[in-house]
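Notes to accompany the following structure.
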Amino acid sequence: MTEPKKTEPKSGDGSKRTARANVDGKKKDAARAAKPRTEKAAQPQNAAGEQSSSSDGRRRRRPRQGAQEQQTQSYKHVQIERKRPSLSKEDGKRSQAPAAGERQKRKPKAKRPSGPVLKIIPLGGLDAIGKNMTAFRCGGDMILDDAGLMFPDDNHPGVDLILPDYTYVLENADKLRGIIITHGHEDHTGSLPYLMKDLDRPVPIYATKMTLGLIEGKFAEHRIKNAKLVEIKPGDTIDLGCFTAEFFAVNHSIPGAVGVFLRCPAGNVLHTGDFKLDQTPIDGVTTDFGALARFAQEGVDLMMSDSTNATNPNFTPSEAEVGKELSKIIAQAKGRVIIASFASHIHRMQQICDAAVANGRKVVVTGRSMIQNTDIARKLGYLSISDDNLIDAYDLKGIPPERVVIMCTGSQGEPLSALARIANGEHKTIDIEEGDTVIISATPVPGNEKAVTRVINSLAKIGADVYDKSRARVHVSGHAGAEELKLVLSIVQPTAFMPVHGEATHLRAHARLAEATGVSPENIFICENGESLELGAGSVSRGEVVQSGIVYVDGLSVGDTSQQVLDERTSLGSQGFATIAVAVNGRKRTLAGEVQVETHGISGGDDDYIAHEAASAVRRAMERTLAKEAGPKELRKAAKDALLQVLWETTKTRPMVVVSIIEV
6 MTEPKKTEPK
16 SGDGSKRTAR
26 ANVDGKKKDA
36 ARAAKPRTEK
46 AAQPQNAAGE
56 QSSSSDGRRR
66 RRPRQGAQEQ
76 QTQSYKHVQI
86 ERKRPSLSKE
96 DGKRSQAPAA
106 GERQKRKPKA
116 KRPSGPVLKI
126 IPLGGLDAIG
136 KNMTAFRCGG
146 DMILDDAGLM
156 FPDDNHPGVD
166 LILPDYTYVL
176 ENADKLRGII
186 ITHGHEDHTG
196 SLPYLMKDLD
206 RPVPIYATKM
216 TLGLIEGKFA
226 EHRIKNAKLV
236 EIKPGDTIDL
246 GCFTAEFFAV
256 NHSIPGAVGV
266 FLRCPAGNVL
276 HTGDFKLDQT
286 PIDGVTTDFG
296 ALARFAQEGV
306 DLMMSDSTNA
316 TNPNFTPSEA
326 EVGKELSKII
336 AQAKGRVIIA
346 SFASHIHRMQ
356 QICDAAVANG
366 RKVVVTGRSM
376 IQNTDIARKL
386 GYLSISDDNL
396 IDAYDLKGIP
406 PERVVIMCTG
416 SQGEPLSALA
426 RIANGEHKTI
436 DIEEGDTVII
446 SATPVPGNEK
456 AVTRVINSLA
466 KIGADVYDKS
476 RARVHVSGHA
486 GAEELKLVLS
496 IVQPTAFMPV
506 HGEATHLRAH
516 ARLAEATGVS
526 PENIFICENG
536 ESLELGAGSV
546 SRGEVVQSGI
556 VYVDGLSVGD
566 TSQQVLDERT
576 SLGSQGFATI
586 AVAVNGRKRT
596 LAGEVQVETH
606 GISGGDDDYI
616 AHEAASAVRR
626 AMERTLAKEA
636 GPKELRKAAK
646 DALLQVLWET
656 TKTRPMVVVS
666 IIEV
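This note's numbering numbers the first residue of the sequence shown as 6 and each following residue consecutively.
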């Protein structure tokens with residue numbers, strides 16, 4: 006295969022270039038006007054001013070080049086030789102290290118192939134549903150596919166968000182030519198603001214119109230300015246260093262989803278993104294079988310595919326089936342109808358609006374993210390509902406309950422979401438009464454089942470009629486089932502296969518499907534985050550292991566929360582907390598005053614007998630230790646051990662203990 010011509014977007018920040026990129030850059034017209042913040046990829050023209058075509062006759066779209074770009078504020082610079090970069094705005098902060106006991110990464114099993122080599126480096130998305138991020142590196146060029154996050158569960162007390170450790174991207178930031186975002190869900194876009202703050206130059210972000218709209222809203226919240234957002238469409242082809250990326254349409258639960266076919270000197274890679282094969286989609290956009298067949302004819306050396314629903318043996322039902330059920334429930338409802346769904350599920354929101362209007366009801370939108378995404382989708386033309394049929398939550402008074410449908414957040418049982426506040430009677434403008442109908446139009450993400458059940462029970466106590474997927478088809482997945490995955494594998498016929506986007510169970514199930522459709526077992530690679538693959542000389546092999554892991558976002562702190570902190574929070578919540586305060590005369594080696602012991606959250610800890618026994622045991626232990634002329638460390642250990650022994654014997658608990666020793 007001939008090497009594609011390189012057309013690398015300029016950032017104008019003086020960052021390093023490869024030798025070939027410098028040669029190409031001298032040929033560009035430096036007098037062009039700087040491009041706007043969000044732009045469409047421009048068509049290259051020939052000498053006659055006509056749009057040029059690729060060698061196979063297909064139209065190619067390339068982003069316009071700007072001679073100069075405004076620089077954003079530099080938050081940090083990568084310090085590769087001294088220490089690994091931190092994932093935070095402030096200096097000195099460190100990213101989260103892998104938890105103790107984490108499985109050792111496998112060593113490379115094959116030698117590096119000769120000639121051009123493409124490194125495929127998954128940094129997230131292979132251990133859970135979320136934080137999808139994959140780097141592709143060939144020679145001196147690197148591109149990033151997706152930059153997502155994951156939401157915490159009960160094992161992450163106090164944590165707000167979970168990001169992938171993208172240290173590898175920062176260490177190779179001078180090679181980063183662009184970031185491709187396949188669609189607008191949080192598990193594919195959520196870590197972008199943090200990554201953009203940590204990069205020392207604006208890197209172009211390529212996505213469809215809907216996805217860019219959601220990214221712009223996210224950047225506005227984080228006060229990120231001068232981002233280089235470039236709109237692409239299915240069928241567009243862009244050059245990023247030695248990479249050529251061609252985008253193709255896929256059907257998913259959000260408009261504007263795409264997959265990407267990457268060509269480079271080392272070979273071809275197909276990344277499906279998230280998809281399903283819905284043949285009756287709400288927006289009329291189906292997965293592009295023609296493009297998949299064309300890529301297969303050209304040759305796919307490695308296919309990376311969505312594994313989320315690989316354990317579902319059937320076809321995923323059409324989104325249109327949900328609309329029929331919603332319309333029927335709304336038509337039969339006697340009071341208000343409250344529907345909770347994902348704020349980014351624009352197709353579901355469109356069906357809710359259609360069903361409400363068809364039944365003579367007005368639509369109310371509540372929940373910060375739901376309001377923001379509704380506004381973005383309407384402005385961009387992806388959500389159609391007239392102003393007359395939308396009302397503000399503050400204008401509900403005086404409108405009969407049977408004339409209202411409320412769209413809100415809270416399908417995952419989030420305690421601060423609109424639905425949870427409505428269920429607990431804490432919402433400012435919306436109350437729920439007996440006879441109202443509530444529809445949970447989503448499937449709980451693993452780990453959120455208990456929270457969703459709590460909200461449903463709270464609604465049931467009030468007397469609401471609650472629907473979820475166990476009672477009616479009020480939700481279908483946006484991901485392909487096993488039969489759909491086998492169909493795509495059969496069309497593409499890849500030489501090698503790597504399942505992505507899923508937990509270990511999903512990845513292995515998808516690997517079995519690949520083998521069943523003819524992919525050789527030795528060419529199927531089940532990887533973990535950080536385990537790279539190398540493509541070259543027509544074959545794929547395991548490569549080096551790079552740093553990976555997770556980074557916790559805890560309030561304003563990014564990367565400071567360790568597993569030890571989470572363990573302490575878990576201990577506080579499950580076992581309680583005890584303190585010891587004592588004064589010590591350093592010269593006489595005696596205790597000065599009484600030993601003070603306090604307990605919090607310990608059953609029986611307020612009993613006078615236990616408190617007296619605990620204080621006496623601590624005093625005796627410290628007096629024995631002082632007689633041995635021990636130091637402060639030994640004193641603290643003796644006091645802690647004595648208290649824990651008493652509490653275990655009397656309450657069978659082992660709380661967290663803090664010892665305060667004051668020398669007088």
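Even glycine gets a Cβ: it sits at the ideal position worked out from N, Cα and C.
(message) Given a cut-off of 8 Å on the beta-carbon distance, is the pair Val342 and Ile435 in contact?
(response) Here residue 342 corresponds to residue number 337 of the sequence shown, with the count starting at 1. Here residue 435 corresponds to residue number 430 of the sequence shown, with the count starting at 1. No.
(request) Within 10 angstroms of the Cβ of Ser608, are there 16 or more other Cβ atoms? Answer buried if so, exposed if not. (result) Mapped onto the sequence shown, residue 608 falls at position 603. Exposed is the call here.
(request) Report yes if the C-beta distance between Pro209 and Gly183 is below 8 Å; otherwise report no. (result) On the sequence shown, position 204 is the one that residue 209 refers to. On the sequence shown, position 178 is the one that residue 183 refers to. Taking 8 Å as the cut-off, the Cβ atoms of Pro209 and Gly183 count as close.
(request) With a floor of 4 residues, list each alpha helix (DSSP H) that falls wholly inside the stretch 512-594, ordered by position along the chain. (result) 568-580
(message) Can you tell me whether Ser579 is buried or exposed? The criterion is at least 16 other CB atoms within 10 Å of its CB, across all chains shown.
(response) For the purposes of this step, residue 579 is taken as the residue at position 574 of the sequence shown. Counting Cβ neighbours within 10 Å, Ser579 comes out exposed, since fewer than 16 surround it.
(request) Would you kindly work out how many angstroms separate the C-alpha atoms of Leu590 and Ile667, rounded to a whole number? (result) Along the sequence shown, read from residue 1 onward, the residue named residue 590 stands at position 585. Along the sequence shown, read from residue 1 onward, the residue named residue 667 stands at position 662. The residue asked about is misnamed: residue 590 is Asn in this sequence, not Leu. Rounded to whole angstroms, Asn590 to Ile667 spans 9 Å at the Cα level.
(request) Spatial neighbours of Glu330 within its chain, please: CB distance less than 7 Å, with the 5 preceding and 5 following residues excluded, ordered by chain position. (result) On the sequence shown, position 325 is the one that residue 330 refers to. Cβ within range, chain order: Ala477, Arg478 and Val479.
(message) Please classify Ser58 as buried or exposed, where buried requires at least 16 neighbouring CB atoms within 10 angstroms.
(response) For this step, residue 58 is matched to residue 53 along the sequence shown. Low local confidence applies: a pLDDT of 38 at Ser58 is under 50, so the model's placement there is unreliable, with the coordinate-based value given in what follows. Classification for Ser58: exposed.
(request) Identify whether Arg182 lies in helix, strand or coil by the three-state DSSP scheme. (result) Position 177 of the sequence shown, counted from the start, is the residue given in the question as residue 182. Residue state, collapsed to three classes: strand.
(message) Measuring straight from C-alpha to C-alpha, what distance separates Ile461 and Asn160?
(response) To locate residue 461, count along the sequence shown from 1; it is residue 456. To locate residue 160, count along the sequence shown from 1; it is residue 155. Distance between the alpha carbons of Ile461 and Asn160: 22 Å.
(request) Taking only the alpha-carbon atoms, compute the straight-line gap between Lys223 and Lys230 and give it to the nearest angstrom. (result) Residue numbering aside, residue 223 sits at position 218 when the sequence shown is read from its first letter. Residue numbering aside, residue 230 sits at position 225 when the sequence shown is read from its first letter. Each residue's alpha carbon lies about 11 Å from the other.
(message) I'd like to confirm something about Gly195: is its beta-carbon nearer than 7 Å to some heavy atom of the ligand COA, or not?
(response) As far as ligands go, the structure on display features none, and thus does not contain the ligand COA.
(message) Less than 8 Å between the beta carbons of Ile243 and Ala212, yes or no?
(response) Residue 243 sits at position 238 when you count from the first residue of the sequence shown. Residue 212 sits at position 207 when you count from the first residue of the sequence shown. No. Outside cutoff.
(request) Compare the beta carbon distance of Ala583 and Val602 with 8 Å and say whether it is the shorter of the two. (result) Counting from 1 along the sequence shown, the entry for residue 583 is found at position 578. Counting from 1 along the sequence shown, the entry for residue 602 is found at position 597. For Ala583 and Val602, yes; Cβs fall inside 8 Å.
(message) Helix, strand or coil for Leu297? Go by DSSP, reduced to three states.
(response) Working through the sequence shown from its first residue, we reach residue 297 at position 292. Looking at Leu297 - three-state DSSP - the assignment turns out to be helix.
(message) If I measure Cβ to Cβ from Ser323 and keep anything under 8 Å in the same chain, skipping five residues before and after, which residues do I get?
(response) Working through the sequence shown from its first residue, we reach residue 323 at position 318. Here the set comprises Asp283, Gln284, Thr285, Pro286 and Val481.
(message) Please list the terminal residues of the continuous beta strand (DSSP E) segment that includes Phe502.
(response) For the purposes of this step, residue 502 is taken as residue 497 along the sequence shown, with counting starting at 1. Note, Phe502: beta strand (DSSP E), Ala501 to Val505.
(message) Looking only at its chain, what residues have a beta carbon closer than 7 Å to the beta carbon of Met147, apart from the 5 residues adjacent to it on each side?
(response) By one-based count along the sequence shown, residue 147 stands at place 142. Once the five neighbours on either side are set aside, the close Cβ partners of Met147 are Ala140, Phe141, Asn177, Lys180, Leu181 and Arg182.
(message) Tell me whether the stretch 467-474 and the stretch 493-507 touch, counting them as touching only if at least three CB pairs, one residue from each stretch, are closer than 8 Å.
(response) no
(message) Helix, strand or coil for Cys143? Go by DSSP, reduced to three states.
(response) Residue numbering aside, residue 143 sits at position 138 when the sequence shown is read from its first letter. Note: Cys143 maps to strand in three-state DSSP.
(message) For Arg69 and Leu494, what's the separation of their Cα atoms in angstroms?
(response) By 1-based counting over the sequence shown, the position of residue 69 is 64. By 1-based counting over the sequence shown, the position of residue 494 is 489. Because the pLDDT at Arg69 is just 39, under 50, the model does not fix this residue reliably, and the value given afterwards should be weighed accordingly. Cα-Cα distance, rounded: 35 Å.
(message) Strictly by DSSP, which residues pair up with Ile404?
(response) Here residue 404 refers to the residue found at position 399 when the sequence shown is read from its first residue. DSSP output for Ile404 lists no bridge partner at all.
(request) In the DSSP assignment, find the unbroken alpha helix (DSSP H) run with Ala1 in it and report its ends. (result) Since the first residue of the chain shown is 6 and the last is 669, residue 1 is not available in this structure.
(message) Which of the three DSSP states is assigned to Ile607 in this structure?
(response) Residue 607 sits at position 602 when you count from the first residue of the sequence shown. The answer is coil: DSSP assigns Ile607 none of H, G, I, E or B.
(request) Using a threshold of 8 Å, state whether the C-beta atoms of Ile125 and Leu512 are closer than that. (result) On the sequence shown, position 120 is the one that residue 125 refers to. On the sequence shown, position 507 is the one that residue 512 refers to. Not closer than 8 Å, so no.
(message) Once DSSP output is grouped into helix, strand and coil, what is the label at Asp646?
(response) Position 641 of the sequence shown, counted from the first residue, corresponds to residue 646. Of the three classes helix, strand and coil, the one that applies to Asp646 here is helix, per DSSP.
(request) Could you check the C-alpha separation between Ala644 and Glu654 for me, to the nearest Å? (result) By 1-based counting over the sequence shown, the position of residue 644 is 639. By 1-based counting over the sequence shown, the position of residue 654 is 649. The straight-line gap from Cα to Cα measures roughly 16 Å.
(request) Determine which residues share a DSSP beta bridge with Asp251 and list them. (result) Numbered from 1 along the sequence shown, position 246 holds the residue referred to as residue 251. According to the sequence provided, residue 251 is Glu. The question's Asp does not apply to it. According to DSSP, which records beta bridges pairwise, Glu251 is partnered with Thr242 and Phe266.
(request) Report all residues from its chain with a CB closer than 7 Å to the CB of Ala363; omit the five preceding and five following residues, and keep chain order. (result) The count along the sequence shown starts at 1 and reaches residue 363 at position 358. Within the same chain, Ala363 has close Cβ partners Ser332.
(message) Taking only three categories from DSSP, how would you classify Asp150?
(response) Your numbering for residue 150 matches position 145 in the sequence shown. Strand, per DSSP.
(request) Under 8 Å Cβ to Cβ from Pro198, same chain only, skipping five residues before and after it: list those, please. (result) For this step, residue 198 is matched to residue 193 along the sequence shown. Excluding residues within five positions, the ones whose Cβ falls inside 8 Å are Lys223, Phe224, Glu226, His227 and Ile229.
(request) To the nearest angstrom, report how far apart Arg713 and Gly535 are at their CA atoms. (result) With the chain represented from 6 up to 669, any question about residue 713 goes unanswered, as that position is not in the structure.
(request) List the whole-angstrom C-beta distance separating Val274 from Val263, where the pair is believed to meet the contact cut-off of C-beta under 8 Å. (result) Start at 1 with the first residue of the sequence shown, and residue 274 comes out as number 269. Start at 1 with the first residue of the sequence shown, and residue 263 comes out as number 258. Rounded, the Cβ-Cβ distance is 15 Å, inconsistent with contact.
(message) If you reduce the DSSP assignment to three classes, tell me which class Gly218 lands in.
(response) Counting from one through the sequence shown, the residue named residue 218 turns up at place 213. Of the three classes helix, strand and coil, the one that applies to Gly218 here is helix, per DSSP.
(message) Less than 8 Å between the beta carbons of Asn528 and Val545, yes or no?
(response) Counting from 1 along the sequence shown, the entry for residue 528 is found at position 523. Counting from 1 along the sequence shown, the entry for residue 545 is found at position 540. Yes, they are a contact pair.
(message) Please state whether the Cβ-Cβ distance between Gly581 and Thr604 is less than 8 Å.
(response) Numbered from 1 along the sequence shown, position 576 holds the residue referred to as residue 581. Numbered from 1 along the sequence shown, position 599 holds the residue referred to as residue 604. Yes. Within cutoff.
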